[in-house]
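Note that my numbering has the sequence shown beginning at 663, numbered continuously upward.
The beta-carbon is built from N, C-alpha and C at its ideal position, and this holds for glycine as well.
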Amino acid sequence: MKIQDPALFKKKALKWANSFEVCCYLDSNNYNDPYSKYDFLIAAGVNKELNAKTGSAFEAWKTFVVENETWMFGLLSYDLKNEIERLNSFHSDPLGFPELYFFVPKYLIAGKGDDIFLIFGGEVLLSWIDDIELHNSNAAGIKLSNPVTIQSKISRETYISTVKELQQHILRGDVYEANFCQEFFAEHALIDPLEVYSKLNELSPTPFSGYFKVYGKFILSASPERFLCKRGDRLISQPIKGTAKRSADAEQDEHNRQALKNDTKEQAENVMIVDLVRNDLTKSAVKGSVVVDELFGVYGFAQVYQMMSTISCKIDPEIHFIDAIRNAFPMGSMTGAPKLSAMQLIEAAEFSKRGMYSGTLGYIDPMGDFDFNVIIRTLLYNSESNYLSFQVGGAITYAADADKEYEECLLKASAMIKTMEK
């Protein structure tokens, strides 16, 4: 059915969904994407759910999918790497998100253009959503921090010295590239997650934006990156490696875009991950079907330009799609290459547990098609402990300049920091 104002409908529907203990909102922000089926999806309430821990999480998830061939929404923590490989995570976890969580919603709405589809719940949803008032966004009456004080887990000096240590590993041949990340956090942070997400999405509208609430824990994501999607018999991955800032001056902005497009260092970082993703997809592909559809594409977002490549394959009919996700997880753009060595090194080098950061959230439909993002440019919040966190990072190669890498981290963090400003 048609709606007159999709933007207003989405705001009201998200506020309605947020009244449930569990909900998921996925928004493309109207980016033109040949692989997306919908502009937005809103799932609310739990019909069935799975909360699985590392050890046998992927098998539990596959069983859940087989038993429930329907729509489901959920998340995978980066630390599921410990199930896929013989790895460990040693850092503390103040956020406490599930390691693998999926739910079949009670209510589900999809949108495409000015059409909406009431998949679960019927037309009564329209009257419920129409009755929502937007003028009081802090409907729960949360006492808000003013302002939220953001701290860095490590100093600039520590970041730079760690980058140089990683470059020594690269020089020795341990890895070619390592994605090193740092955490920014706030303790005793009292926020309205919905208000913060709305501000983040306004500042940084991205094609894989998402709001996920699971029992008092919140993912507020402005992700520009697709991890993996399945459309029919094809798998598509679109890793991002390469960043340049936008400018309000049109001439300077175009200069920045062209500089990124022609930057041989950024191309080298990107192609290493393209090769890694090709290898990951080969594990699930019909032999000879892995192709690079686009190499070094440059795409503009509100805050930054990004260099993105697209790799796809035909999925082997003998491979269950959950195994295809497992075979590609975690995403190479957030590890480095070779993947196993990079994960070992960054676990030792980093100062925070990644958890949901550089994990993924997304959906599966009844036909077995799915779409999952990369959880970057994302605020993570535990409303019980009032701990707020986000992480940023970048690809470290031997040619990387540690000072410039640090500045790139601050650029990536800029939209999230602005959401905390009053």
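6 Å CB neighbourhood of residue i in its chain, flanking five on each side removed
{"i": "K715", "result": "E761"}
{"i": "G878", "result": "S1045, E1046"}
{"i": "M996", "result": "N841, S1020"}
{"i": "A906", "result": "N918, L922, Y967"}
{"i": "F779", "result": "A772"}
Coil, strand or helix - residue i by DSSP
{"i": "I981", "result": "coil"}
{"i": "V936", "result": "helix"}
{"i": "S995", "result": "helix"}
{"i": "F779", "result": "strand"}
{"i": "E1009", "result": "helix"}
{"i": "Y877", "result": "coil"}
{"i": "D689", "result": "strand"}
{"i": "I791", "result": "helix"}
{"i": "L865", "result": "helix"}
{"i": "I816", "result": "coil"}
{"i": "Q1053", "result": "strand"}
{"i": "Y697", "result": "coil"}
{"i": "M645", "result": "In the structure as shown, the chain begins at 663 and stops at 1084. Residue 645 is therefore absent and cannot be evaluated."}
{"i": "Q666", "result": "coil"}
{"i": "S1076", "result": "helix"}
{"i": "T1081", "result": "helix"}
{"i": "K1066", "result": "helix"}
{"i": "A910", "result": "coil"}
{"i": "F682", "result": "coil"}
{"i": "N1044", "result": "strand"}
{"i": "L762", "result": "strand"}
{"i": "F702", "result": "strand"}
{"i": "A930", "result": "helix"}
Inter-residue spacing [alpha-carbon to alpha-carbon] between residue i and residue j
{"i": "I822", "j": "I771", "result": "46 Å"}
{"i": "E956", "j": "R896", "result": "15 Å"}
{"i": "G950", "j": "V933", "result": "19 Å"}
{"i": "K875", "j": "G835", "result": "42 Å"}
{"i": "I1008", "j": "E731", "result": "37 Å"}
{"i": "P867", "j": "L688", "result": "12 Å"}
{"i": "Y859", "j": "E747", "result": "34 Å"}
{"i": "A722", "j": "E916", "result": "48 Å"}
{"i": "D1065", "j": "E819", "result": "9 Å"}
{"i": "V810", "j": "L1023", "result": "26 Å"}
{"i": "P886", "j": "L943", "result": "21 Å"}
{"i": "G1055", "j": "N750", "result": "20 Å"}
{"i": "Q920", "j": "Y961", "result": "11 Å"}
{"i": "A801", "j": "A930", "result": "Here A801 scores only 48 on pLDDT, less than 50, and its place in the model should not be relied on; the value that follows carries that caveat. Using only the alpha carbons, I get a separation of about 48 Å."}
{"i": "G717", "j": "E745", "result": "5 Å"}
{"i": "K1001", "j": "L742", "result": "14 Å"}
{"i": "I1026", "j": "D1033", "result": "7 Å"}
{"i": "S974", "j": "I987", "result": "13 Å"}
{"i": "E980", "j": "V948", "result": "9 Å"}
{"i": "V786", "j": "F963", "result": "36 Å"}
{"i": "T972", "j": "N941", "result": "14 Å"}
{"i": "T926", "j": "M970", "result": "14 Å"}
{"i": "I898", "j": "S871", "result": "18 Å"}
{"i": "E1070", "j": "M1082", "result": "20 Å"}
CA nearest to the CA of residue i, picked from the options
{"i": "P855", "options": "A1075, S681, M663", "result": "S681"}
{"i": "S698", "options": "N989, R888, G835", "result": "R888"}
{"i": "G783", "options": "I704, L852, K861, S814", "result": "I704"}
{"i": "G1021", "options": "K673, N713, N692, L738", "result": "L738"}
{"i": "E864", "options": "K907, C843, A884", "result": "A884"}
{"i": "E857", "options": "T820, C843, L796, P901", "result": "L796"}
{"i": "L670", "options": "K923, D985, G775", "result": "G775"}
{"i": "I1037", "options": "D1031, L1073, F880, S909", "result": "F880"}
{"i": "F846", "options": "Q813, Y967, F702, V727", "result": "Q813"}
{"i": "V825", "options": "A1010, S946, L1050, K743", "result": "A1010"}
{"i": "L852", "options": "D777, Y740, S1051", "result": "S1051"}
{"i": "K976", "options": "E729, K892, G736", "result": "K892"}
{"i": "L676", "options": "K710, A1077, L788, M993", "result": "L788"}
{"i": "R1039", "options": "E839, P869, C686", "result": "P869"}
In DSSP terms, what residue i is bridged to
{"i": "R893", "result": "R896"}
{"i": "P767", "result": "V708"}
{"i": "E956", "result": "T972"}
{"i": "R888", "result": "Q900, N1035"}
{"i": "Y961", "result": "Q968"}
{"i": "Q844", "result": "V1054"}
{"i": "E839", "result": "A999"}
Cutoff 8 Å; reference residue i; Cβ partners in own chain excluding five residues on either side
{"i": "P1028", "result": "E731, T732, W733"}
{"i": "V937", "result": "It is Asp, not Val, that sits at residue 937 in the sequence shown. So the qualifying residues of the chain are A999."}
Cβ-based neighbour list, residue i, same chain, cut-off 7 Å, excluding 5 preceding and 5 following
{"i": "L833", "result": "Y1060"}
{"i": "S909", "result": "D915, N918"}
{"i": "A719", "result": "L742, E745, E761, L762"}
Residue i Cβ short of 7 Å to the ligand ATP heavy atom set
{"i": "G784", "result": "This structure does not include the ligand ATP; it has no bound ligands of any sort."}
Residue-chain proximity (residue i, chain C), Cβ-Cβ < 8 Å
{"i": "A921", "result": "Among the chains of the structure shown, chain C does not appear; only one protein chain is present."}
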